[in-house]
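Structure, as structure tokens:
Numbering (the UniProt record's numbering), first residue to last: 1 to 402.
In structure tokens, the structure reads:
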């Protein structure tokens, strides 16, 4: 199924890939989930591309058929996974496994260099979430190399790197860019530590990250209040979510930092939260607003399950450990209750509350340096992105320049 024998017909491609997945031992539930997407793709390709499959057709299909669901992380993952399985199978006749399918670890041939590289990144302070992403990209690279007969890391040549880069076609520019940055750092590490004689530094291109490909969702002050009011605080789960959403909407914390809050981060005598941000590694001290403080106290006294977990916000089902989700589903639920509509092409996660706080502060003409400190940005350039959504402030700036 490579080169001159590429299957173009979408229906046949789906049929052959389904058989391949069955042979590989994929569960019936997984294959059914994938086919729920493919059975919509086949008639779309028949109508719009004479039945032929290509990533261009697939991207158009995703946007037209699933655009309203792309802000749901689980749905988006399943949809894109289904498409990339088809693309990989069409181009290479194989299926690149996901990281959760390779929990046994890297193969013996690649384990030392890949695990060593990840330990090197961890020692440099790379966040655990980023390490999980890097690990999954390394699994894909390993699978690609083994499929092409490269049994040892030292045998990798420039043509193999070029082929792997070609396999990234169809992914977003940000995904390609981050994957190439991982590749570049991997070979720099490998060359410095004797795993390979070349770093391939000049052979791996740099794809500049495209910042602000779409503007963030911003809620008005009134809409933010409606979202907070939609949370039912009469039950334990509502008390937890209300306290979390206040930390996002009033104090501008990132959801990753909220999930990581521990009891020792709170200095109630000074009404201050002191943390080292997970994303920037920058220490910040934030005053606790009365409204936020009382919501947290209400949760701790009347909502939080008994648990020895040092984290403030925990799951409400056994074993009552830390939160792992970004509360995306809860956010969608509260948006529906508040009767707030967000267009399908706009993000709808809890991070929007942080964006909204920044924009509200801008509208109140709070200096951007102050906003940058509140949000915990390392530089004002990061904060400047929020100005894009504040047209009145932009007009004011234009008048001042004139």
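By construction, the Cβ of each residue, glycine as well, lies at the ideal position given by its N, Cα and C atoms. Remember, predicted model here, so these are calculated numbers, not experimental data.
What first and last residue would you give for the alpha helix (DSSP H) that runs through residue i?
| i | result |
| --- | --- |
| residue 332 | 328 to 337 |
| residue 256 | 255 to 259 |
| residue 439 | Because residue 439 is not part of the residues shown, which for the chain are 1 to 402, the question remains open. |
| residue 236 | 236 to 251 |
| residue 55 | 55 to 66 |
| residue 279 | Careful: residue 279 lies outside any alpha helix (DSSP H) and carries neither H nor E. |
| residue 203 | No alpha helix (DSSP H) contains residue 203, which DSSP labels as neither H nor E. |
| residue 159 | 158 to 166 |
| residue 39 | 28 to 49 |
| residue 11 | 10 to 23 |
| residue 118 | 108 to 123 |
| residue 228 | 221 to 229 |
| residue 177 | 173 to 192 |
Could you give the distance in angstroms between the alpha-carbon of residue i and the alpha-carbon of residue j?
| i | j | result |
| --- | --- | --- |
| residue 14 | residue 158 | 32 Å |
| residue 82 | residue 217 | 28 Å |
| residue 113 | residue 141 | 13 Å |
| residue 65 | residue 79 | 10 Å |
| residue 316 | residue 48 | 48 Å |
| residue 192 | residue 252 | 41 Å |
| residue 287 | residue 86 | 51 Å |
| residue 339 | residue 255 | 23 Å |
| residue 184 | residue 84 | 23 Å |
| residue 232 | residue 274 | 29 Å |
| residue 352 | residue 327 | 12 Å |
| residue 280 | residue 267 | 22 Å |
| residue 122 | residue 46 | 48 Å |
| residue 380 | residue 181 | Residue confidence is low: residue 380 scores 42 on pLDDT, short of 50, so the model does not pin down where it sits. No coordinate-derived value is stated. |
| residue 23 | residue 277 | 46 Å |
| residue 289 | residue 221 | 17 Å |
| residue 39 | residue 77 | 17 Å |
| residue 130 | residue 148 | 27 Å |
| residue 164 | residue 19 | 25 Å |
| residue 391 | residue 358 | For residue 391, the predicted model reports a pLDDT of 44, less than 50, meaning its position is unreliable; a value from the coordinates is still stated below. C-alpha separation (whole angstroms): 14 Å. |
| residue 230 | residue 325 | 20 Å |
| residue 271 | residue 285 | 10 Å |
| residue 31 | residue 154 | 36 Å |
| residue 248 | residue 349 | 11 Å |
| residue 166 | residue 143 | 15 Å |
| residue 269 | residue 293 | 12 Å |
| residue 124 | residue 134 | 14 Å |
| residue 132 | residue 162 | 24 Å |
| residue 426 | residue 17 | No answer is possible for residue 426: it lies beyond the span of the chain, which begins at 1 and ends at 402. |
| residue 36 | residue 342 | 26 Å |
| residue 63 | residue 128 | 31 Å |
By Cβ distance below 6 Å, which residues in the same chain neighbour residue i in space, the five residues on each side in sequence not counted?
| i | result |
| --- | --- |
| residue 109 | 151 and 152 |
| residue 356 | 218, 219 and 224 |
| residue 44 | 61 |
| residue 56 | none |
| residue 34 | 82 |
| residue 8 | 52 |
| residue 354 | 248 and 252 |
What distance in whole Å lies between the Cβ atoms of residue j and residue i, which are believed to be in contact at a cut-off of 8 Å?
| i | j | result |
| --- | --- | --- |
| residue 250 | residue 291 | 7 Å |
| residue 58 | residue 41 | 7 Å |
| residue 337 | residue 299 | Contact flag wrong, Cβ pair sits at about 20 Å. |
| residue 95 | residue 21 | 7 Å |
| residue 332 | residue 227 | With 8 Å as the limit, residue 332 and residue 227 do not qualify as a contact, their Cβ atoms being about 11 Å apart. |
| residue 189 | residue 120 | 6 Å |
What residue range does the beta strand (DSSP E) around residue i cover?
| i | result |
| --- | --- |
| residue 286 | 283 to 287 |
| residue 273 | 272 to 276 |
Residues in the same chain with beta-carbon distance under 8 Å from residue i, minus the five sequence neighbours each way, listed in chain order, please.
| i | result |
| --- | --- |
| residue 295 | 239, 242, 243 and 246 |
| residue 187 | 196, 198, 199, 200, 201 and 204 |
| residue 320 | 305, 306, 307, 309 and 314 |
| residue 156 | 145, 150 and 196 |
| residue 160 | 145, 148 and 150 |
Within its chain, find whatever has a CB closer than 7 Å to the CB of residue i; leave out the 5 residues flanking it on each side and keep chain order.
| i | result |
| --- | --- |
| residue 322 | 259, 309, 311 and 314 |
| residue 330 | 241 |
| residue 115 | 106 |
| residue 117 | 186 and 189 |
Check whether the Cβ of residue i lies closer than 8 Å to any Cβ atom in chain D.
| i | result |
| --- | --- |
| residue 12 | Checking the listed chains, one finds no chain D in this structure; it contains a single protein chain. |
Should the stretch 233 to 244 be called in touch with the stretch 301 to 310, which here means at least 3 C-beta pairs below 8 Å? yes
**Study point:** the stretch 86 to 93 contacting the stretch 13 to 30, beta-carbon criterion three pairs below 8 Å
**Key:** yes
Check your understanding: At a cut of 8 Å, does the stretch 309 to 322 reach the stretch 256 to 263 through at least three beta carbon pairs?
Key -> yes
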